[in-house]
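Colleague: 126 is the number of the first residue of the sequence shown in this note's numbering; add one for each residue after it.
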Amino acid sequence: MTISLKTLSYIDGKWTEPSLGGYFEVINPANNSVISSVANCGSQDAVTAIRAASKAFQFWSKTPAEQRAEYLYRWYKLILQHQHELADLMTRECGKPLSESLSEVVYGASFLQWFSEEARRIKGDIIQSPNADKRFLVNKQAVGVCAAITPWNFPLAMIARKCAPALAAGCTIVVKPAEATPLTALAMADLAEQAGIPAGVFNVLPASEGQEIGEVFSTHPLVRKLSFTGSTAVGKILLKQAADTVKRISMELGGNAPFIVFDDADIDKAVEGAISSKYRNAGQTCICANRFLVQEDIYDKFIAAFSEKVKSIRVGDGLQPGIQQGPLINNKAVQKVDALVRDAIAKGADLICGGKVHELGGNFYTPTIIGNVDKSMAIAHEEIFGPVSPIFRFTDEREAIAMANDTPYGLAAYFYSQKMDRIWRVSEALEYGMIGINEGIISTTLAPFGGVKQSGIGREGGHYGIKEYLDIKYLCLGGLT
Ligand code: NAP
Numbered sequence: 126m127t128i129s130l131k132t133l134s135y136i137d138g139k140w141t142e143p144s145l146g147g148y149f150e151v152i153n154p155a156n157n158s159v160i161s162s163v164a165n166c167g168s169q170d171a172v173t174a175i176r177a178a179s180k181a182f183q184f185w186s187k188t189p190a191e192q193r194a195e196y197l198y199r200w201y202k203l204i205l206q207h208q209h210e211l212a213d214l215m216t217r218e219c220g221k222p223l224s225e226s227l228s229e230v231v232y233g234a235s236f237l238q239w240f241s242e243e244a245r246r247i248k249g250d251i252i253q254s255p256n257a258d259k260r261f262l263v264n265k266q267a268v269g270v271c272a273a274i275t276p277w278n279f280p281l282a283m284i285a286r287k288c289a290p291a292l293a294a295g296c297t298i299v300v301k302p303a304e305a306t307p308l309t310a311l312a313m314a315d316l317a318e319q320a321g322i323p324a325g326v327f328n329v330l331p332a333s334e335g336q337e338i339g340e341v342f343s344t345h346p347l348v349r350k351l352s353f354t355g356s357t358a359v360g361k362i363l364l365k366q367a368a369d370t371v372k373r374i375s376m377e378l379g380g381n382a383p384f385i386v387f388d389d390a391d392i393d394k395a396v397e398g399a400i401s402s403k404y405r406n407a408g409q410t411c412i413c414a415n416r417f418l419v420q421e422d423i424y425d426k427f428i429a430a431f432s433e434k435v436k437s438i439r440v441g442d443g444l445q446p447g448i449q450q451g452p453l454i455n456n457k458a459v460q461k462v463d464a465l466v467r468d469a470i471a472k473g474a475d476l477i478c479g480g481k482v483h484e485l486g487g488n489f490y491t492p493t494i495i496g497n498v499d500k501s502m503a504i505a506h507e508e509i510f511g512p513v514s515p516i517f518r519f520t521d522e523r524e525a526i527a528m529a530n531d532t533p534y535g536l537a538a539y540f541y542s543q544k545m546d547r548i549w550r551v552s553e554a555l556e557y558g559m560i561g562i563n564e565g566i567i568s569t570t571l572a573p574f575g576g577v578k579q580s581g582i583g584r585e586g587g588h589y590g591i592k593e594y595l596d597i598k599y600l601c602l603g604g605l606t
């Protein structure tokens, strides 16, 4: 079977017209053309989907783990089978180069494979009892109906990273993808249907206004767990809204990742790591290096090697062969990135390369480096979400750590050093949930992904990921003789 372009919502196993009948356009950021019009769901559709998920929870939570695993594995295989079609669709929706889209499809699918395996490893405990007539047991049970809200920058992987552990645990789920990228989410629903995943277990509600559905998700009493990936600002709104019904929460929020290059680093490896951490997805990932902190005595050497590579990045429509950087998601993003660069230059930063809208125009921005950046500039504090590397100087390790931690965020951090004592000291001192040490690419299905401070609550991936979808139930068995 092939996948066809789906444009309706997927509720209770049916492709469904929006209750208010509206549609919104999905735009290709490479040329601003309309790819398709998609059902615009509202609060009534959200309630219908939550009720369907609640009904499905009754049987899905009781379906043996082995069978849930088989459904997930079939879904995984179908995604791999259709990886090229999915990657093509993803590049059209969000602009990333085709090779990156393909990597995302494979990465996203791997969560379905991993959690299909984890489904069978949900285990309880028996605690040694001090009383002859009592036994203490701990059971793990599915949390219930889950709601997920996901961003546009990883249209498939962010959905898979939530839905795979949820379904493996026995939960059912309702997903609202980002306005910019509903088509990949609906293609996933198409493949879930082909995999035979029962009606109501996995539901997708595209919408142009996240707020309305977000309010239902975070306040509806049938929703027992809300999992959000997106900006810290929206995460805070959802946390407040979810307080009244005291929901289980996972928050994967924004970052301000430091990338520290110490004077004992292998500079070539640091440059390689810097390129992959910063310019992947045109700088639009939550774990992209956001601030480069470079030790004074290697500052010029690092910039010379780094800028040579950055200037050679090939920019264009991600569907064309050899393109390494696609467009930003929309014109608003271009304006924001450009304003951050202008502000820094006006306050004394050096422009090393780029620093302007790309000659292709539209949503393309030139790969940029600015030097001598300091705390007075907005770029030191904001998530850039664009292909811009601001470089700060530091003199010693203590100053680097203080600068790195001087932010309310705590998602990812990176540093390059070859000294083992420094590697331990710095990795323990950095207030971040994930640290790349002599490595610029850290995402993997096998490890816990998530942040501290205002970057989030909870972890996705690895054996930690399924815990977010399980409740612990203590059983006290008495009266034994
Ligand atoms: P965003 O504006 O926060 O949007 C994320 C999702 O929330 C979208 O589906 C959006 O819908 C929805 N939304 C917006 N306002 C809402 C509201 N008031 N109530 C409920 N839902 C609402 O973030 P984004 O621009 O899509 O994504 C970029 C952000 O995500 C960055 O901050 C990045 O760091 C973060 N991110 C974090 C991780 C992680 O794992 N920590 C991973 C990827 C991205 P609409 O699209 O309709 O606005």
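C-beta atoms are modelled at their ideal positions from N, C-alpha and C, and glycine is treated no differently.
In this text the structure is predicted, and so the values were computed from the model without any measurement.
Using a 10 Å radius around the Cβ and a threshold of 16 neighbouring Cβ atoms, would you call S501 buried or exposed?
Modeller: exposed
Colleague: Whole angstroms is fine: what's the gap from K187's alpha carbon to E195's?
Modeller: If you take the alpha carbons of K187 and E195, they lie about 15 angstroms apart.
Colleague: Which of the three DSSP states is assigned to K131 in this structure?
Modeller: Coil.
Colleague: With DSSP run on the structure shown, which of helix, strand or coil describes N264?
Modeller: strand
Colleague: For I98, which residues in the same chain have their Cβ closer than 7 angstroms to its Cβ, ignoring the five residues on either side in sequence?
Modeller: Examination of residue 98 is not possible in this model, given that the chain is present from 126 through 606 alone.
Colleague: Distance check for I152 and L645, CA to CA, integer angstroms please.
Modeller: No answer is possible for residue 645: it lies beyond the span of the chain, which begins at 126 and ends at 606.
Colleague: Would the beta-carbon of N381 be found less than 7 angstroms away from any heavy atom of the ligand NAP?
Modeller: no
Colleague: What does a CB cutoff of less than 6 angstroms around I448 pick up in its chain, not counting 5 residues either side in sequence?
Modeller: P222, R439, G441
Colleague: Look at the alpha carbon of Q460 and the alpha carbon of P143, and state the distance between them as a whole number of angstroms.
Modeller: If you draw a straight line from the Cα of Q460 to the Cα of P143, it comes to about 33 angstroms.
Colleague: Count the other C-beta atoms from every protein chain shown that fall within 10 angstroms of the C-beta of R245, then say buried if there are 16 or more, exposed otherwise.
Modeller: Result: exposed.
Colleague: Return the residue from the list T370, R349, G339 that minimises the CA-CA distance to V359.
Modeller: G339
Colleague: Following a CB-centred definition, is F149 positioned closer than 7 angstroms to any heavy atom of the ligand NAP?
Modeller: no
Colleague: Is A538 helix, strand or coil by DSSP?
Modeller: strand
Colleague: So what does DSSP say about N153, is it helix, strand or coil?
Modeller: strand
Colleague: Taking only three categories from DSSP, how would you classify E142?
Modeller: Reduced to three states, the DSSP call for E142 is coil.
Colleague: So, with DSSP's three-state summary, where would you put V326?
Modeller: coil
Colleague: Alpha helix (DSSP H) containing G233: first to last residue?
Modeller: The continuous alpha helix (DSSP H) containing G233 extends over residues 223 to 243.
Colleague: Kindly indicate which residue of A469, T354, I526, E593 has the alpha-carbon position closest to the one of A282.
Modeller: T354
Colleague: Just grab the DSSP bridge partners of F574 for me.
Modeller: E585
Colleague: Tell me where the beta strand (DSSP E) around S375 begins and ends.
Modeller: It spans 373 to 377 - the beta strand (DSSP E) in which S375 sits, taken as one unbroken run.
Colleague: Grab me the residues of Y594's own chain with a C-beta within less than 6 angstroms of its C-beta, minus the 5 sequence neighbours each way, in chain order.
Modeller: V268, P290, A291, A294, C296
Colleague: What are the start and end residues of the alpha helix (DSSP H) that includes V359?
Modeller: Taken as a continuous stretch (DSSP letters only), the alpha helix (DSSP H) holding V359 covers 357 to 367.
Colleague: Around the C-beta of P446, are 16 or more other C-beta atoms found within 10 angstroms, so that it is buried, or is it exposed?
Modeller: exposed
Colleague: Can you grab the Cα-Cα spacing for the pair R373 / V270, in whole Å?
Modeller: Per the coordinates, the alpha-carbon of R373 lies some 11 angstroms from the alpha-carbon of V270.
Colleague: How should R405 be labelled, buried or exposed, when 16 other C-beta atoms within 10 angstroms of its C-beta is the threshold for buried?
Modeller: buried
Colleague: Using only alpha-carbon positions, find the residue among A527, F510, I428 that is nearest to E553.
Modeller: It is A527.
Colleague: Near L378, which residues of its chain fall below 6 angstroms by C-beta distance, leaving aside the five closest residues on each side in sequence?
Modeller: T357, G360, S580, G581
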